[in-house]
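2 protein chains.
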Amino acid sequence: MLKQKITLKHIAKELDVSISTVSKALKNSEEISRDTKEKIQAFAKLYNYKPNNIAISLKNKRTKNIGVIIPDIVHHFFTTVIRGIENYANAKGYNVIVCLSDESFDKEVINMEMLANGSIDGFIMSLSAGTEKKKDFNHLKEVTEQGIPIVLFDRVTDEINCDKVLIDDMQGAYKATKKLLDQGRQKIALLTTEDFFSVSRNRNKGYEKALKDNGLGLDEDLVLRLPFMDIDENKISEFLNAINPDAILSVNEIFGIYGMRVVQRKGLRVPEDVSIIGFTDGLLAKHANPSLTSVAQHGERMGEIAANMLIERVESESDEVAYRTKILEPTLIERDSTIN
Amino acid sequence: MLKQKITLKHIAKELDVSISTVSKALKNSEEISRDTKEKIQAFAKLYNYKPNNIAISLKNKRTKNIGVIIPDIVHHFFTTVIRGIENYANAKGYNVIVCLSDESFDKEVINMEMLANGSIDGFIMSLSAGTEKKKDFNHLKEVTEQGIPIVLFDRVTDEINCDKVLIDDMQGAYKATKKLLDQGRQKIALLTTEDFFSVSRNRNKGYEKALKDNGLGLDEDLVLRLPFMDIDENKISEFLNAINPDAILSVNEIFGIYGMRVVQRKGLRVPEDVSIIGFTDGLLAKHANPSLTSVAQHGERMGEIAANMLIERVESESDEVAYRTKILEPTLIERDSTIN
DNA sequence: AAAAACCACGAAAACGGTTTCGTGTTGATA
DNA sequence: TATCAACACGAAACCGTTTTCGTGGTTTTT
Numbered sequence: 001m002l003k004q005k006i007t008l009k010h011i012a013k014e015l016d017v018s019i020s021t022v023s024k025a026l027k028n029s030e031e032i033s034r035d036t037k038e039k040i041q042a043f044a045k046l047y048n049y050k051p052n053n054i055a056i057s058l059k060n061k062r063t064k065n066i067g068v069i070i071p072d073i074v075h076h077f078f079t080t081v082i083r084g085i086e087n088y089a090n091a092k093g094y095n096v097i098v099c100l101s102d103e104s105f106d107k108e109v110i111n112m113e114m115l116a117n118g119s120i121d122g123f124i125m126s127l128s129a130g131t132e133k134k135k136d137f138n139h140l141k142e143v144t145e146q147g148i149p150i151v152l153f154d155r156v157t158d159e160i161n162c163d164k165v166l167i168d169d170m171q172g173a174y175k176a177t178k179k180l181l182d183q184g185r186q187k188i189a190l191l192t193t194e195d196f197f198s199v200s201r202n203r204n205k206g207y208e209k210a211l212k213d214n215g216l217g218l219d220e221d222l223v224l225r226l227p228f229m230d231i232d233e234n235k236i237s238e239f240l241n242a243i244n245p246d247a248i249l250s251v252n253e254i255f256g257i258y259g260m261r262v263v264q265r266k267g268l269r270v271p272e273d274v275s276i277i278g279f280t281d282g283l284l285a286k287h288a289n290p291s292l293t294s295v296a297q298h299g300e301r302m303g304e305i306a307a308n309m310l311i312e313r314v315e316s317e318s319d320e321v322a323y324r325t326k327i328l329e330p331t332l333i334e335r336d337s338t339i340n
Numbered sequence: 341m342l343k344q345k346i347t348l349k350h351i352a353k354e355l356d357v358s359i360s361t362v363s364k365a366l367k368n369s370e371e372i373s374r375d376t377k378e379k380i381q382a383f384a385k386l387y388n389y390k391p392n393n394i395a396i397s398l399k400n401k402r403t404k405n406i407g408v409i410i411p412d413i414v415h416h417f418f419t420t421v422i423r424g425i426e427n428y429a430n431a432k433g434y435n436v437i438v439c440l441s442d443e444s445f446d447k448e449v450i451n452m453e454m455l456a457n458g459s460i461d462g463f464i465m466s467l468s469a470g471t472e473k474k475k476d477f478n479h480l481k482e483v484t485e486q487g488i489p490i491v492l493f494d495r496v497t498d499e500i501n502c503d504k505v506l507i508d509d510m511q512g513a514y515k516a517t518k519k520l521l522d523q524g525r526q527k528i529a530l531l532t533t534e535d536f537f538s539v540s541r542n543r544n545k546g547y548e549k550a551l552k553d554n555g556l557g558l559d560e561d562l563v564l565r566l567p568f569m570d571i572d573e574n575k576i577s578e579f580l581n582a583i584n585p586d587a588i589l590s591v592n593e594i595f596g597i598y599g600m601r602v603v604q605r606k607g608l609r610v611p612e613d614v615s616i617i618g619f620t621d622g623l624l625a626k627h628a629n630p631s632l633t634s635v636a637q638h639g640e641r642m643g644e645i646a647a648n649m650l651i652e653r654v655e656s657e658s659d660e661v662a663y664r665t666k667i668l669e670p671t672l673i674e675r676d677s678t679i680n
């Protein structure tokens, strides 16, 4: 019962013309007479002819596919980025191949190699934790040397010369910390991750700078560095109980939520006794009780920009355009975990 | 500076042998002498030769790509399914092309058509709201008639003959409702969506059946049907204030969270005064306060099964294998929004 | 009426592989 | 020494397009 996909060859044979004539007729070429074109186009429409993407890709060495490699997909921020990429890419006729590195260096390498052999026209990616830890970027270098463009977003590196789009994480943390200071908070705890993450590093810096600008020094006792997976709520609990802060800044959403819970369990009120601000404006922040004031990262916008940068580069003839780095401004979404 | 990708032709010219010899040598064919093979393999390794995926796809009419079409990616359940698909597919050497229908019938059709012209070997998909509403499945029929296999998950339809994997939604709702009844709850509100969703329909049925089996009738006043987007918390508030239930069953996570908040604002305690159970075991349920008892849908498992079904069908020679429908058992994750 | 121009189309190469079949060379067999 | 495998490799077709470059036939120009 299989309706075999119809090809140019079939049409040519059926209509007793050559394959080239069919191809040209379907592109409305001036070379072909009105009569022949109409006949061929009618036949093609009748049998619902659609050119084979693979053959076209092979011919013009353009796949119209974008490879996206992200550390994790069960993560609100990354899904918003993907949505942004999809939006833009689909409108431009591109498909999106998503691969997950699972925060692993090896998987990131394998996925890139799989896709780099003709499957895609370019990459959009955010580095895995493993890669940031290992500081090995040879797989990226090799790909760019082959002329395959890369756009890095969020978790980027200076080691690779390519287009980048990211959030000014330092400014985000600065704004958040300043907000807390302006409200009279003096003992601001920082919940952060181990240091190899570029984003965390920058957020830590913003926190520190805001303190310094306000005449406060960085007190290492107020900083808790957690592995970013397998979060141990007890550690947070011990830490907060030991230092009794009047405010908490968290470099992500989940630490903020945990912090809030610990504080509330102690019988303290949020935001009256302790103000809390997190990063990543996701579902948890929005629906927490009280809702969590957050630094929004504008993932969807980021995805759109990344896709735009990549497609422009893929489609530009001259490959002499300088690489751009687009830095987005973070926004502080004020909710109920801080005083207005 | 572009290191041009090396091809069989390059190797052949460089080593002064034919392309066929190179091809065979790299596949370790018995036809080629030990000496020649070693020479060619060494050269290929040195220059890091990797066959061009597109050319291979064109030749064997297999892309090793799976097309996944889902309504929305910023949605915990779907992301877990994707993760499951990725896991299984990658292990089998397949890539995953993700397209978003955005709950729109038209976008679903466009995406399918884009991918169906050679880009993928098969589809895994969950129907968009638009498609379920319109009940038009011709795009699916056309694809299957072309011999491209489809696996439907979660939001499926009887109209299409293909492999399917889904959760026994009725049983899930039944279990949840029964749990509430067993705890002595008598006035169980149901927060559900408009009726065209197959999943909601089945969950509603489970709710009703549990009531009937326990000698209670279905009281339409206890049922609130909401459009599933642009949720209006006020509607939920009015509804719950009007009927004062002692328990709430929600067909998704978000309605459950809203319900909980409304109840708490009224000064009632969860679960003492009102027990609540939701569907979809996501982040919100886990981190709500109190945490939300939920019916887990095992998205990751679902994705793995779907990928397995699809790949088996793609790779099987005989296309006479009967279509299977795999029904997963839902699990009730008991948390703090119900009494233990 | 011969030369030039134009029209409408086809042949063939190319993209980068895989695979079937054929063939020249070698060594063993009768 | 003639015959025949076995061996090691190459030619060519094929997958489905696009595109360049002919070319035979008609029309226009002089």
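Protein sequences appear in the order of chains A and B. Numbering follows my numbering, with no gaps: position 129 of the first sequence is 129. For my numbering, count along the second sequence from 1 and bump the result up by 340. Where a beta carbon is used, it is the ideal one built from N, C-alpha and C, also for glycine. The structure displayed is predicted, hence computed values, not measured ones.
Item	Value
Boundaries of the alpha helix (DSSP H) in which Asn544 (chain B) is found, first to last residue	538-553
Residue-level contact to chain B via CB, Met302 (chain A), 9 Å cutoff	no
Collapsed DSSP secondary structure at Ser615 (chain B) in the structure displayed	strand
The alpha helix (DSSP H) enclosing Gly599 (chain B), as first and last residue numbers	593-605
Cutoff 9 Å: Glu426 (chain B) Cβ touching any chain A Cβ	yes
Spatial neighbours of Tyr49 (chain A) in its chain, beta-carbon cut-off 7 Å, leaving aside the 5 residues before and after	Ile6, Ile11
Minimum Cβ-Cβ distance from Gly487 (chain B) to chain A less than 9 Å	yes
Residue-chain proximity (Asn308 (chain A), chain B), Cβ-Cβ < 9 Å	no
Burial state of Arg83 (chain A) (16 or more Cβ within 10 Å)	buried
Contact the region 297-304 of chain A vs the region 129-148 of chain A: 3+ CB pairs below 8 Å	no
Neighbour list for Val438 (chain B) in chain A, Cβ cutoff strictly below 7 Å	Val96, Val98
Distance between Ala431 (chain B) and Lys473 (chain B) (C-alpha atoms, nearest Å)	36 Å
Neighbour-count burial assignment, Pro227 (chain A), 16 or more Cβ in a 10 Å radius	exposed
Thr633 (chain B), enclosing alpha helix (DSSP H) - first and last residue	Per DSSP, Thr633 (chain B) belongs to no alpha helix (DSSP H); it is in the beta strand (DSSP E), 633-636.
Residues from the region 276-303 of chain A in contact with chain B, defined by Cβ distance under 7 Å	Leu283, Leu284, His287, Asn289
Proximity of Ser54 (chain A) and Ser459 (chain B) at Cβ, strictly below 9 Å	For clarity, residue 54 (chain A) is Ile in the given sequence; the question names Ser instead. Yes, Cβ-Cβ distance for Ile54 (chain A) and Ser459 (chain B) is below 9 Å.
Asp35 (chain A) versus Lys3 (chain A) - alpha carbon distance	28 Å
Chain A within 9 Å of Thr419 (chain B), Cβ atoms only	yes
Residues near Asp572 (chain B) in its chain [Cβ-Cβ closer than 8 Å; skip 5 each side]	Leu566
Cutoff 8 Å; reference Gln171 (chain A); Cβ partners in own chain excluding five residues on either side	Gly206, Glu329, Pro330
Same chain only: Cβ atoms within 6 Å of Val591 (chain B), ignoring 5 sequence neighbours per side	Thr532, Ser540, Arg543, Phe619
Neighbourhood of Ile85 (chain A) by C-beta, 8 Å cutoff - its chain only, sequence neighbours within 5 removed	Ile66, Val68, Val96, Ile124, Gly303, Glu304, Ala306, Ala307
Partners in chain A for Pro391 (chain B), counting only beta-carbon separations shorter than 8 Å	Asn117
Backbone secondary structure at Ala55 (chain A) - three-state DSSP	helix
Chain A contact residues for Val414 (chain B), given Cβ-Cβ distances below 8 Å	His76, Thr79, Thr80, Arg83
Where Ala395 (chain B) meets chain A, residues with beta-carbon distance less than 8 Å	Leu58, Gly118
Backbone secondary structure at Gly407 (chain B) - three-state DSSP	strand
Own chain residues within Cβ distance below 8 Å of Ser631 (chain B), not counting five before or after	Ala625, Arg675, Asp676, Ser677
Distance, Ile277 (chain A) Cα to Ala288 (chain A) Cα	12 Å
Rounded separation between Gly215 (chain A) and Val223 (chain A) - CA only	18 Å
Min CB distance Arg601 (chain B) to chain A below 9 Å	yes
Reduced DSSP category for Ser466 (chain B) - H, G, I as helix; E, B as strand; rest coil	coil
Member of B:Arg525, B:Lys399, B:Ser397, B:Phe537 whose CA lies at the smallest distance from the CA of Ser466 (chain B)	B:Phe537
Within 9 Å, strictly: CB atoms of Arg525 (chain B) and Ala587 (chain B)	yes
Span separating the alpha-carbon of Asp106 (chain A) from that of Phe43 (chain A)	50 Å
Any C-beta of chain B under 9 Å from that of Glu113 (chain A)	yes
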